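Chemist: If you're matching positions, the sequence shown starts at 1229 in the working numbering and goes up one per residue.
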Amino acid sequence: PVVGPDEVLVKIHASGICHSDINYRDGVGKVGRLPVTLGHEIAGVVTEKGERVREIGIGDRVVIHYVMSCGQCRYCKSDRETYCEKYQMIGKDLDGGFAEYVKVPASNALRLPETIAFDHAAIMGCAVSTAFHALRRARARREDTIAIYGAGGLGVHAVQLSSRIIEASNIIAVDVVEEKLRHAKRLGARDVVNPNQEDVVERIREITDGLGADVVIDFVGRKRTVENALACAGKGGRVVLVGISLEELHISPYSTIIGKEIEMVGVNDHLKSELRQLIEFSSSGRIDLSTSVTNKVRLEDVNSGIQILEGNIGNPLRIVVAQ
1229 PVVGPDEVLV
1239 KIHASGICHS
1249 DINYRDGVGK
1259 VGRLPVTLGH
1269 EIAGVVTEKG
1279 ERVREIGIGD
1289 RVVIHYVMSC
1299 GQCRYCKSDR
1309 ETYCEKYQMI
1319 GKDLDGGFAE
1329 YVKVPASNAL
1339 RLPETIAFDH
1349 AAIMGCAVST
1359 AFHALRRARA
1369 RREDTIAIYG
1379 AGGLGVHAVQ
1389 LSSRIIEASN
1399 IIAVDVVEEK
1409 LRHAKRLGAR
1419 DVVNPNQEDV
1429 VERIREITDG
1439 LGADVVIDFV
1449 GRKRTVENAL
1459 ACAGKGGRVV
1469 LVGISLEELH
1479 ISPYSTIIGK
1489 EIEMVGVNDH
1499 LKSELRQLIE
1509 FSSSGRIDLS
1519 TSVTNKVRLE
1529 DVNSGIQILE
1539 GNIGNPLRIV
1549 VAQ
């Protein structure tokens, strides 16, 4: 690709495979145009830069912030670029990371220290940052009981961030896969619940002495998990929806939300400022992503990687295309 005056060309070293890529392929989430190259978790090295680019140099290691925003609308000016009136997404609306090179605005390339591996940086670009954004949208505090539905590629990072950054001690992980629950325990979950073995709402009520959870984050997005998330939230609880589904939800407003003054919050993407914070957390050792990437595939095998994620073969957390 030919770079414009404010753009950089990045040689891709790692690109994460996300469930969103499957959704875009299947039409659950609409892409901006076809054909388009998917892949939005991207890290690599700058090989070319435009004539007006000053903050990034050739040879710099970078991670890509995939949200393209105008910087001028009311949302961008209030640090809410995910609502930008001209929003575009690298890897959905514009060509992304399942390639050898990608062209992006220089403002979307954040410099990486040498201490952060490319595969760790790539997943920070979505899996970790979206989990962090969910916790921030939930206004999670160290004294909160935090229940996390789905201990997969996003959920395990929400567990670790809750433990290491929020410094919460009452963390509950919910998943149907025992190995994922064991991993969540290692990352800071105090309690784990398998809905295939026990009633998740009753168990969370028991764990919280009948009070319910202060924060519930649903990374699964199925009708049943959303209903359970609302049911296990305590009075004044915050329920955060991250998982994507086309299933319709039917609830009784008073008994489910109004009577308990529950807040329902949607999460879409993350902020560039949050990705910058995660780079600092990782470089300072406050978070550890060494166990996050469970599978690596070559670029020519990207479809095999997608099949592994889609089929949950071997219970993968994050799969990265490594070059």
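Every residue gets a Cβ at the ideal spot worked out from N, C-alpha and C, and that includes glycine. Since the structure is predicted, the reported quantities are computational estimates derived from the model, not experimental observations.
1. Using a Cβ-Cβ cut-off of 6 Å (strictly less than) and excluding sequence neighbours within five positions of serine 1510, which residues of its own chain qualify?
2. Look at alanine 1355 and glycine 1381 and say whether their C-beta atoms are less than 8 Å apart.
3. Going by Cα to Cα distance, which pick from Ile1536, Gln1535 and Val1530 is closest to glycine 1200?
4. Short of 8 Å in beta carbon distance, which residues of its chain neighbour valine 1281, apart from the five on each side in sequence? Order them along the chain.
5. Write down every uninterrupted run of the beta strand (DSSP E) in the region 1433-1498 whose length is 3 residues or greater and which is fully enclosed by it, in chain order.
6. Where does leucine 1340 sit, in a helix, a strand or coil, going by DSSP?
7. Within its chain, find whatever has a CB closer than 7 Å to the CB of leucine 1259; leave out the 5 residues flanking it on each side and keep chain order.
8. Leaving out five residues on either side along the sequence, give the residues of the same chain with a beta carbon under 8 Å from the beta carbon of glutamate 1476.
9. Could you spell out where the alpha helix (DSSP H) holding threonine 1310 opens and where it closes?
10. I'd like to check one pair, leucine 1363 with valine 1291: are the Cβ atoms closer than 8 Å?
11. For the beta strand (DSSP E) holding tyrosine 1329, just list the boundary residues, first then last.
12. What does a CB cutoff of less than 6 Å around glutamate 1309 pick up in its chain, not counting 5 residues either side in sequence?
13. Determine, for aspartate 1516, whether the minimum Cβ-Cβ distance to residues of chain C falls below 8 Å.
14. Could you tell me which residues DSSP puts in a beta bridge with leucine 1506?
15. Quick check: the Cα distance between lysine 1413 and glutamate 1276, rounded to an integer number of angstroms?
16. Touching or not, the region 1361-1375 and the region 1436-1446, by the rule of three or more beta carbon pairs under 8 Å?
17. Between the region 1489-1497 and the region 1514-1526, do three or more beta carbon pairs fall short of 8 Å?
18. Pick helix, strand or coil for histidine 1241, following the three-state DSSP scheme.
19. Only counting the same chain, and skipping five residues up and downstream in sequence, which positions put a Cβ closer than 7 Å to that of aspartate 1254?
20. Which partner residues of asparagine 1531 appear in the DSSP bridge assignment?
21. Mark serine 1243 as exposed unless 16 or more other C-beta atoms lie within 10 angstroms of its C-beta, in which case mark it buried.
Modeler: Judging by the given coordinates:
1. Start at 1 with the first residue of the sequence shown, and residue 1510 comes out as number 282. Counting only Cβ-Cβ distances below 6 Å, and skipping sequence neighbours, we find Ile1344.
2. Working through the sequence shown from its first residue, we reach residue 1355 at position 127. Working through the sequence shown from its first residue, we reach residue 1381 at position 153. Yes; because the gap between Cβ atoms is below 8 Å, this pair is in contact.
3. Shown here, the chain extends from 1229 to 1551; a query on residue 1200 therefore has no answer.
4. As a working mapping, residue 1281 is identified with position 53 in the sequence shown. Counting only Cβ-Cβ distances below 8 Å, and skipping sequence neighbours, we find Pro1233, Asp1234, Glu1235, Val1236 and Ala1334.
5. 1441-1446, 1461-1469 and 1491-1494
6. Working through the sequence shown from its first residue, we reach residue 1340 at position 112. Coil at leucine 1340, not helix or strand.
7. The sequence position of residue 1259 within the sequence shown is 31, counting from 1. The amino acid at residue 1259 is misidentified as leucine; the sequence shows valine. Once the five neighbours on either side are set aside, the close Cβ partners of valine 1259 are Tyr1252, Lys1320 and Asp1321.
8. Counting from one through the sequence shown, the residue named residue 1476 turns up at place 248. Taken in chain order, the residues that qualify are Lys1451.
9. As a first step, residue 1310 is located in the sequence shown; it is residue number 82 there, counting from the start. Run containing threonine 1310: none; DSSP gives neither H nor E here.
10. For the purposes of this step, residue 1291 is taken as residue 63 along the sequence shown, with counting starting at 1. For the purposes of this step, residue 1363 is taken as residue 135 along the sequence shown, with counting starting at 1. Contact flag unset, no.
11. Position 101 of the sequence shown, counting from 1, holds the residue named residue 1329. Run containing tyrosine 1329: 1329-1333, per the beta strand (DSSP E) assignment.
12. As a working note, residue 1309 is residue 81 in the sequence shown. Answer for glutamate 1309: Val1295 and Ser1297, listed in chain order.
13. In summary, chain C is missing from the structure at hand, where a single protein chain is found.
14. Locating residue 1506 in the sequence shown gives position 278, where the first residue counts as 1. BP columns for leucine 1506 are empty, so no partner.
15. Taking the sequence shown and counting its residues from 1, one reaches residue 1413 at position 185. Taking the sequence shown and counting its residues from 1, one reaches residue 1276 at position 48. Straight-line Cα distance between these residues: approximately 44 Å.
16. yes
17. no
18. Counting from one through the sequence shown, the residue named residue 1241 turns up at place 13. Three-state DSSP puts histidine 1241 in a strand.
19. Indexing the sequence shown from 1 puts residue 1254 at position 26. Nothing meets the Cβ criterion.
20. Here residue 1531 refers to the residue found at position 303 of the sequence shown. Paired residue(s): none; asparagine 1531 is not in a bridge.
21. As a first step, residue 1243 must be located in the sequence shown, where it is residue number 15. Label assigned to serine 1243: buried.
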